[in-house]
């Protein structure tokens with residue numbers, strides 16, 4: 001057990017030393033998709049121009065249907081993903 | 088404890104990189120330093136909080152990694168999530184998507200044509216029955232939206248059938264307040280404003296036309312009876328632009344024309360509407376009719392480098408990327424329950440590539456769809472589920488986007504649909520799509536100039 005702990009400590013030290021030499025870290029999303037992004041109106045999935053759930057439906061058209069109450073929204077992909085991640 | 092998501096794809100981009108998350112479609116710029124830490128995370132995962140803090144000392148970076156699902160909980164099952172997402176998508180299938188093959192005939196004799204001998208046009212009577220079948224299907228499915236597509240052969244050889252179908256669907260649209268979108272896949276030689284206005288009276292129209300490069304090359308590859316097909320098509324594009332909502336120019340690419348494409352695209356910039364999409368796709372010789380063309384098609388190892396070259400040229404000329412890396416959780420529209428194609432004889436298919444292959448008929452307009460459990464219709468609808476369940480694509484980060492590739496090609500290769508049509512031999516295409524898409528986004532936003540460089 002002690003050996004493992006020492007080994008972990010060494011590993012951490014090595015990682016720390018390595019990481020300190022790396023250039024400045026940057027990580028930035030460039031598109032609209034994803035849970036942290038501009039969520040599509042309907043189900044929080046990845047669509048922007050066209051609904052990926054159904055290629056025959058334009059987002060703006062689907063938005064009208066939702067506003068009219070003619071489409072019952074499903075559980076959203078993002079909600080599903082969030083729920084799965086919390087399990 | 089956390090680990091790296093199984094569906095992160097890392098794409099080199101100069102000194103830095105791009106991370107694509109296949110579960111959400113997020114595309115992220117990642118600096119060289121970030122990528123080095125990421126590599127260590129891959130090597131030493133699973134990661135406890137101390138490891139994460141040391142690998143990614145910046146709190147904002149850690150937040151982004153978690154928010155964008157680049158790091159996920161150790162017990163998260165991505166494959167289970169994909170199956171759930173796929174299942175929801177199939178259940179939600181709101182629309183009815185009908186392709187009308189109004190004729191198999193064509194006035195071109197393309198050298199690589201994969202279609203075989205042509206049966207007759209769709210008659211006026213059959214056009215009526217086919218349209219009524221489509222209307223009944225939309226009613227049964229309680230669809231709020233329809234997509235009506237006209238394909239062939241050359242569909243504009245049969246304007247009568249198109250006109251009849253438009254009449255029937257217009258009546259249905261008005262009766263049920265349907266949202267209708269249309270598309271026309273044509274060689275472009277017979278395109279007229281009058282026909283486009285007829286189709287467009289149903290709803291916005293997407294048009295796909297084909298030019299295979301400069302005039303001499305195009306005319307050799309896509310000869311038209313009694314005429315110069317290139318000049319005819321270019322003239323028709325100029326004439327009809329205002330009646331087209333979305334134009335896609337298809338370019339079939341192989342060893343014969345690939346070198347000419349960059350100059351051709353430059354010339355076409357002055358002719359095509361600015362928003363024109365390009366579909367630059369390699370020719371294949373996967374049917375008996377096209378078998379003679381095999382030696383002109385790219386061998387697998389050449390596909391990625393050749394396509395990358397012309398995609399880059401297109402992007403630099405301001406054409407949008409040919410494809411967006413979006414996780415659709417389906418391999419193709421043919422797997423959707425509401426998607427069918429009706430041919431001139433009234434036979435119904437699920438898949439465009441299978442037209443004319445009798446073993447792929449899923450019903451007729453007279454007898455209706457055969458939705459028996461083991462039938463071809465359900466083989467299509469359940470195909471992606473079976474691909475997932477079999478585990479054959481496990482380990483591939485492109486899975487949510489590809490979902491095992493083309494059902495029909497799988498069948499041609501192995502005699503079963505639920506086998507993967509893996510394109511791993513030219514997987515670099517997938518990575519280059521991500522790169523092009525990334526650059527396009529930055530160009531549109533006119534920001535992140537450092538990342539573009």
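Chains as they are written, first to last, in this note's numbering: chain A, 1 to 87; chain B, 88 to 540. Even glycine gets a Cβ: it sits at the ideal position worked out from N, Cα and C.
Assigned secondary structure, residue 127 of chain B (DSSP; H/G/I helix, E/B strand, else coil): Mapped onto the second chain, residue 127 of chain B falls at position 40. When DSSP states are grouped into helix, strand and coil, residue 127 of chain B belongs to the helix group.
CB contact check: residue 362 of chain B to chain A, cutoff 8 Å: For the purposes of this step, residue 362 of chain B is taken as residue 275 along the second chain, with counting starting at 1. False, the Cβ-Cβ gap to chain A never drops below 8 Å.
Buried or exposed by the 16-neighbour rule on C-beta atoms within 10 Å, applied to residue 313 of chain B: Locating residue 313 of chain B in the second chain gives position 226, counting from the first residue. Residue 313 of chain B comes out exposed.
Neighbour flag for residue 110 of chain B against chain A, beta carbons, 8 Å: To locate residue 110 of chain B, count along the second chain from 1; it is residue 23. Interface residue, yes.
Given residue 399 of chain B as reference, the closest of B:518, B:302, B:160 and B:334 once Cα atoms are compared: Taking the first residue of the second chain as 1, we reach residue 399 of chain B at position 312. Comparing Cα positions, the closest option is B:518.
Through-space distance from residue 457 of chain B to residue 133 of chain B, alpha-carbon basis: Mapped onto the second chain, residue 133 of chain B falls at position 46. Mapped onto the second chain, residue 457 of chain B falls at position 370. In a straight line, the C-alpha of residue 133 of chain B is about 49 Å away from that of residue 457 of chain B.
For residue 526 of chain B, the three-state DSSP class (helix, strand or coil): One-based indexing of the second chain puts residue 526 of chain B at position 439. Helix.
Residue 412 of chain B versus B:520, B:255 and B:189, residue with shortest Cα-Cα distance: Counting from 1 along the second chain, the entry for residue 412 of chain B is found at position 325. By alpha-carbon distance to residue 412 of chain B, the top candidate from B:520, B:255 and B:189 is B:520.
The segment 144 to 160 of chain B in contact with the segment 224 to 238 of chain B per 3-pair CB rule at 8 Å: Three or more Cβ pairs closer than 8 Å define a contact, and the segment 144 to 160 of chain B falls short of that threshold against the segment 224 to 238 of chain B.
Under the three-state DSSP convention, the category residue 156 of chain B falls into: Reading the second chain from its first residue, position 69 is the one you call residue 156 of chain B. Reduced to three states, the DSSP call for residue 156 of chain B is coil.
Residues that residue 145 of chain B contacts on chain A, provided the C-beta gap is smaller than 7 Å: Here residue 145 of chain B refers to the residue found at position 58 when the second chain is read from its first residue. Here the neighbours are 25.
Contact list for the segment 115 to 130 of chain B against chain A, Cβ threshold 7 Å: For the segment 115 to 130 of chain B, the beta-carbon criterion of a distance under 7 Å to any beta-carbon of chain A is satisfied by 115, 116, 117, 118, 119, 120, 121, 123, 124 and 127.
Coarse secondary structure for residue 364 of chain B, derived from DSSP in three states: Here residue 364 of chain B refers to the residue found at position 277 when the second chain is read from its first residue. The DSSP-derived three-state label of residue 364 of chain B is strand.
The segment 506 to 516 of chain B touching the segment 115 to 131 of chain B, judged by at least three CB pairs closer than 8 Å: Flag = no, the segment 506 to 516 of chain B and the segment 115 to 131 of chain B do not touch.
Between the CA atoms of residue 103 of chain B and residue 529 of chain B - distance to the nearest angstrom: Working through the second chain from its first residue, we reach residue 529 of chain B at position 442. Working through the second chain from its first residue, we reach residue 103 of chain B at position 16. Their Cα atoms are separated by approximately 15 Å.
Neighbourhood of residue 331 of chain B by C-beta distance below 6 Å, restricted to the same chain and skipping five residues each side: Indexing the second chain from 1 puts residue 331 of chain B at position 244. Once the five neighbours on either side are set aside, the close Cβ partners of residue 331 of chain B are 294.
Classification of residue 353 of chain B by the beta-carbon crowding that lies within 10 angstroms, buried from 16 upward: Counting from 1 along the second chain, the entry for residue 353 of chain B is found at position 266. If you draw a 10 Å sphere on the C-beta of residue 353 of chain B, you find fewer than 16 other C-beta atoms in it, and that means exposed.
Separation of residue 446 of chain B from residue 173 of chain B, as counted between CA atoms: For the purposes of this step, residue 173 of chain B is taken as the residue at position 86 of the second chain. For the purposes of this step, residue 446 of chain B is taken as the residue at position 359 of the second chain. Those two C-alpha atoms are separated by around 26 Å.
Local conformation of residue 106 of chain B per DSSP, three classes: Taking the second chain and counting its residues from 1, the one referred to as residue 106 of chain B is at position 19. It is a strand residue.
Whole-angstrom distance between residue 273 of chain B and residue 426 of chain B, CA atom to CA atom: Your numbering for residue 426 of chain B matches position 339 in the second chain. Your numbering for residue 273 of chain B matches position 186 in the second chain. The C-alpha of residue 273 of chain B is placed about 20 Å away from the C-alpha of residue 426 of chain B.
Residues, ordered as in the chain, of the segment 321 to 352 of chain B that lie near chain A by beta-carbon distance below 8 Å: Of all residues in the segment 321 to 352 of chain B, none places a beta-carbon less than 8 Å from a beta-carbon of chain A.
Within chain B, the residues that residue 84 of chain A reaches when beta carbons sit closer than 8 Å: Within the first chain, the letter at position 84 stands for residue 84 of chain A. Going along chain B in sequence order, the residues near residue 84 of chain A (Cβ under 8 Å) are 163, 164, 167, 168 and 171.
Amino acids of chain E, ordered along the chain, whose beta-carbon sits closer than 7 Å to that of residue 28 of chain A: You won't find chain E in this structure, because its protein chains are A and B.
Chain A contacts from the segment 512 to 530 of chain B (Cβ-Cβ distance under 8 Å): For the segment 512 to 530 of chain B, which is checked against every Cβ of chain A, the residues closer than 8 Å are 524, 525, 528 and 529.
Buried versus exposed call for residue 449 of chain B [16 or more other C-beta atoms within 10 Å across all chains shown]: Stepping through the second chain from its first residue, residue 449 of chain B is reached at position 362. Counting other Cβ atoms within 10 Å of its Cβ, residue 449 of chain B reaches 16 or more and is therefore classed as buried.
8 Å Cβ cutoff, residue 289 of chain B in contact with chain A: Taking the first residue of the second chain as position 1, residue 289 of chain B is located at position 202. Among the CB atoms of chain A, none fall inside 8 Å of the CB of residue 289 of chain B.
Candidates B:271, B:98 and B:408: closest to residue 245 of chain B by CA position: Locating residue 245 of chain B in the second chain gives position 158, counting from the first residue. Residue B:271 holds the alpha-carbon nearest to the alpha-carbon of residue 245 of chain B among B:271, B:98 and B:408.
Status (buried if at least 16 other CB within 10 Å, exposed otherwise) for residue 477 of chain B: To locate residue 477 of chain B, count along the second chain from 1; it is residue 390. By the neighbour-count rule (16 or more Cβ atoms within 10 Å), residue 477 of chain B is not buried but exposed.
Proximity test, Cβ basis, 8 Å: residue 543 of chain B and chain A: The structure shown does not extend to residue 543 of chain B, since chain B is modelled only from 88 to 540, so the question has no answer here.
Meets three-Cβ-pair contact criterion under 8 Å: the segment 343 to 350 of chain B and the segment 309 to 326 of chain B: The segment 343 to 350 of chain B vs the segment 309 to 326 of chain B: no contact.
Buried or exposed by the 16-neighbour rule on C-beta atoms within 10 Å, applied to residue 89 of chain B: The residue given as residue 89 of chain B occupies position 2 in the second chain. Residue 89 of chain B comes out buried.
Cβ-heavy atom distance, residue 506 of chain B to the ligand ADP, below 7 Å: By its list of ligands, the structure shown contains no ligand whatsoever, and the ligand ADP lies outside what it can speak to.
Nearest neighbour of residue 338 of chain B, chosen from B:162, B:261 and B:365 [CA to CA]: Position 251 of the second chain holds residue 338 of chain B. Of the residues B:162, B:261 and B:365, the one whose Cα lies closest to the Cα of residue 338 of chain B is B:365.
At least three beta-carbon pairs within less than 8 Å, the segment 211 to 227 of chain B to the segment 414 to 433 of chain B: Judged by Cβ distances under 8 Å, the segment 211 to 227 of chain B makes contact with the segment 414 to 433 of chain B, as three or more pairs qualify.
Residue 359 of chain B to residue 212 of chain B span [Cα, whole Å]: Here residue 359 of chain B refers to the residue found at position 272 of the second chain. Here residue 212 of chain B refers to the residue found at position 125 of the second chain. Using only the alpha carbons, I get a separation of about 37 Å.
Coarse secondary structure for residue 22 of chain A, derived from DSSP in three states: Translated into the one-based positions of the first chain, residue 22 of chain A becomes position 22. It is coil, neither helix nor strand.
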